[in-house]
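See below for the structure under consideration.
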Amino acid sequence: MGLFIVRHQHEPDHCPAGDPDLGGRLLTYLSRPSVRQQGIEVKGEAVVSGEHTLYLILEAADAATVEGFLDPFRQAGTVEVLPASTCARVVASGGCAAPTPRLDDAVPAVDPEMATQDAIDAGLVVHRAHPLNCETSVPALIGGVVMPNARFYVRNHFQIPDLDAATWRLDVGGLVERPLRLSLADVERLPSSTLPVTLECAGNGRSAMDPPVPGEQWRLGAVSTAEWTGVPLTEVLDRAGVRPTARAVVFRGADSGTVDGEPGTLRFERGLSLDDVRDCEALLAYAMNGEPLPVAHGFPVRLVVPGWYAVASVKWLTQIDVIDRPFAGYYQEARYQYEWEGDGNVEREPVRLQQVRALVTQPRPGDVVTGGEMVVRGVAWSGAAPVARVDVSVGDGPWRQATLVGERRRHSWRWWELVVPVEGTGATTLRARATDLAGRTQPEENAWNRLGYGGNAIQRVEVQLG
Ligand SMILES: Nc1nc2c(c(=O)[nH]1)N[C@H]1C(S)=C(S)[C@@H](COP(=O)(O)O)O[C@H]1N2
Ligand SMILES: [Mo]
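Those letters in the sequence shown? Residues 13 to 478, by my numbering.
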């Protein structure tokens with residue numbers, strides 16, 4: 013289907029609206045059901061006041077269909093038909109400055125325009141349409157513990173594969189006694205568990221790195237929580253029987269594409285050592301908040317690795333390969349490494365567990381606070397250990413301990429809140445700082461690293477006391 017903008021203009025003395033009979037016939041002609049019979053969908057219509065000019069936004073198979081439909085307007089005046097597209101299509105087809113990853117023809121991909129439009133309609137903040145990268149808007153965080161699926165941030169390296177659940181298979185092979193080839197029904201028949209897990213992109217908050225670093229310029233919304241249902245990874249590995257020489261497990265997504273400076277086509281792949289597998293309660297998830305995984309989040313099955321930065325949680329999983337050495341793929345070794353600079357050397361360290369962090373959802377920056385007290389609330393999480401406390405400070409005032417709300421769930425963020433007395437008027441800054449049971453707390457400044465991962469500086473929110 014194509015989108016068209018029609019501009020029709022007539023002389024004032026031919027205005028059909030001036031003749032009740034003609035006007036009535038025009039409205040009937042333009043009624044949605046009557047237009048639909050001609051194979052056209054009216055997306056919008058408006059008349060420019062006082063100018064005898066009508067604009068229509070129409071969807072139709074082709075321009076000829078539109079032209080035919082417009083015959084009566086041509087008799088009344090001039091008609092222009094302009095081929096058009098949605099904003100999402102313009103951006104998704106490369107209107108943005110970022111390089112467009114080449115389409116890998118091996119796997120059908122979701123229409124980037126549709127995926128982008130869905131994200132916009134759900135209120136996500138789109139950073140890039142191709143591949144689709146969008147963050148949860150912080151005001152959308154107000155509510156329950158889990159984020160509705162449509163508002164869960166999306167981070168993709170390539171196009172979104174459009175997998176068919178009927179033909180999808182998960183191959184489990186390599187150093188195993190019994191290679192497996194599982195259909196979705198096979199996976200769903202295995203013992204399952206449901207866990208609330210917070211996923212956070214390692215680049216969340218990157219836009220605040222100083223000096224700036226390359227990469228997706230996330231603000232603070234590349235984090236969300238969902239209740240994931242799936243088969244414990246160890247169930248599947250035990251069924252396959254991991255051989256004694258095995259050291260690591262590689263997870264391959266169906267998505268692939270090209271990356272600057274790398275030869276050929278890369279797949280999205282990540283590894284976990286067998287020790288990590290034992291320690292991390294990973295799930296092969298097929299449901300998110302009680303619904304089948306949405307396409308953008310890895311349909312039909314993804315890995316969910318609780319506590320780890322979400323790069324480990326491979327979406328659109330099609331292959332699990334057991335190997336006898338640590339995995340050294342692109343997204344393991346060339347990316348998702350902290351590169352610390354010091355004394356002329358660069359020290360590297362893989363990105364693993366989520367850093368401790370609190371996110372303020374209320375007040376919002378710029379809010380005016382009146383009445384001598386301020387309600388401050390938000391969420392807090394940490395990959396290494398449960399959150400022990402969150403403290404809030406207003407202005408340069410003392411740190412005051414917030415109340416942790418609801419149940420403590422090992423891998424989920426937790427709500428916290430505090431009513432803080434405030435005095436005076438004018439601009440002030442509040443800060444919220446989380447500390448976990450492992451004793452880790454948030455620093456005032458991000459620990460800068462070349463690729464901008466793991467930033468967890470204390471968030472500052474500027475408000476007005478009035
Ligand atoms: N197959 C595949 N899995 C992937 C990615 C990807 O691009 N392809 N991105 C990873 C990164 S960096 C993040 S932050 C999470 C994002 O998961 P979400 O889009 O469900 O929020 O998926 C991870 N798994
Ligand atoms: Mo990420």
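From the three backbone atoms N, C-alpha and C, an ideal C-beta is built for every residue, glycine too.
Here the distance from the Cβ of V323 to the nearest heavy atom of ligand 1 is below 7 Å. Ranked by Cα distance from V262, the first of S205, H309, L196 and L286 is L286. Going by DSSP, Q349 is part of no alpha helix (DSSP H) but of the beta strand (DSSP E) stretching over Q349 to G354.
Taking one beta carbon from each stretch, the stretch 342–349 and the stretch 437–450 have fewer than 3 pairs nearer than 8 Å; the two do not touch. If you draw a straight line from the Cα of S204 to the Cα of E247, it comes to about 9 Å. Using a Cβ distance threshold of 8 Å, G269 and F164 do not count as a contacting pair. One thing to note: Q349 has its Cβ no nearer than 8 Å to the Cβ of N468. Take A397, set aside five residues on each side of it, and the residues of its chain with a beta-carbon closer than 6 Å to its own are D448, L449 and A450, in chain order. For D267, the CB falls within less than 7 Å of some heavy atom of ligand 1. Taken in chain order, the unbroken stretches of beta strand (DSSP E) that lie wholly in the stretch 273–322 and span 3 residues or more are 278–285, 295–300 and 314–316. Bridge pairing for H142: absent [DSSP].
If you look at V402, you'll find it in the beta strand (DSSP E) that goes V399 to V406. Taking a cut-off of 8 Å on C-beta distances, the stretch 168–188 touches the stretch 305–320, as three or more cross pairs fall below it. Take G215, set aside five residues on each side of it, and the residues of its chain with a beta-carbon closer than 7 Å to its own are G227, E228, W230, A234, G464 and Y465, in chain order. Each residue's CA atom was taken as its position, placing G436 and G478 some 8 Å apart.
The DSSP-derived three-state label of M126 is helix. Under the three-state reduction of DSSP, N216 is assigned to coil, being neither helix nor strand. Proximity to A73 across G253, P95 and E359 peaks at P95, based on C-alpha coordinates. Counted as a single uninterrupted DSSP element, the beta strand (DSSP E) harbouring Q331 occupies residues L329 to I335. For ligand 1, no non-hydrogen atom lies closer than 7 Å to the CB of L295.
Taking each of G89, S195 and F339 in turn and checking the Cα distance to L329, the smallest one comes out for S195.
In this structure M13 is exposed. Its beta-carbon is surrounded by fewer than 16 other beta-carbon atoms within 10 angstroms. Counting only residues of its own chain and dropping the five nearest sequence neighbours on each side, I335 has a CB closer than 8 Å to the CB of G186, L187, A258, R259, A260, V261, V262 and G283.
Checking the 7 Å criterion, the Cβ of G273 is out of range of every heavy atom belonging to ligand 2. Counting C-beta pairs closer than 8 Å gives fewer than three between the stretch 383–392 and the stretch 287–302, which falls short of the contact rule.
For ligand 2, a non-hydrogen atom lies closer than 7 Å to the CB of G215. For L365, the closest of G395, E385, A340 and N168 by C-alpha to C-alpha distance is G395. Under the 10 Å beta carbon count, A299 is surrounded by 16 or more other beta carbons and is classified as buried. Membership of V473 in any alpha helix (DSSP H) is not indicated; the residue belongs instead to the beta strand (DSSP E) covering Q471 to L477. Note that the stretch 452–463 does not touch the stretch 411–422; fewer than 3 beta-carbon pairs, one per stretch, sit closer than 8 Å. Taking 3 residues as the minimum length, the beta strand (DSSP E) runs contained wholly in the stretch 248–272 are 260–269, in order along the chain. In the three-state DSSP reduction, A459 falls in the coil class, being neither helix nor strand.
According to DSSP, R426 shares a beta bridge with A392. Counting every other CB atom within 10 Å of its CB across the protein chains shown gives V317 a total of 16 or more, marking it as buried. Here DSSP, grouped into helix, strand and coil, assigns I132 to helix.
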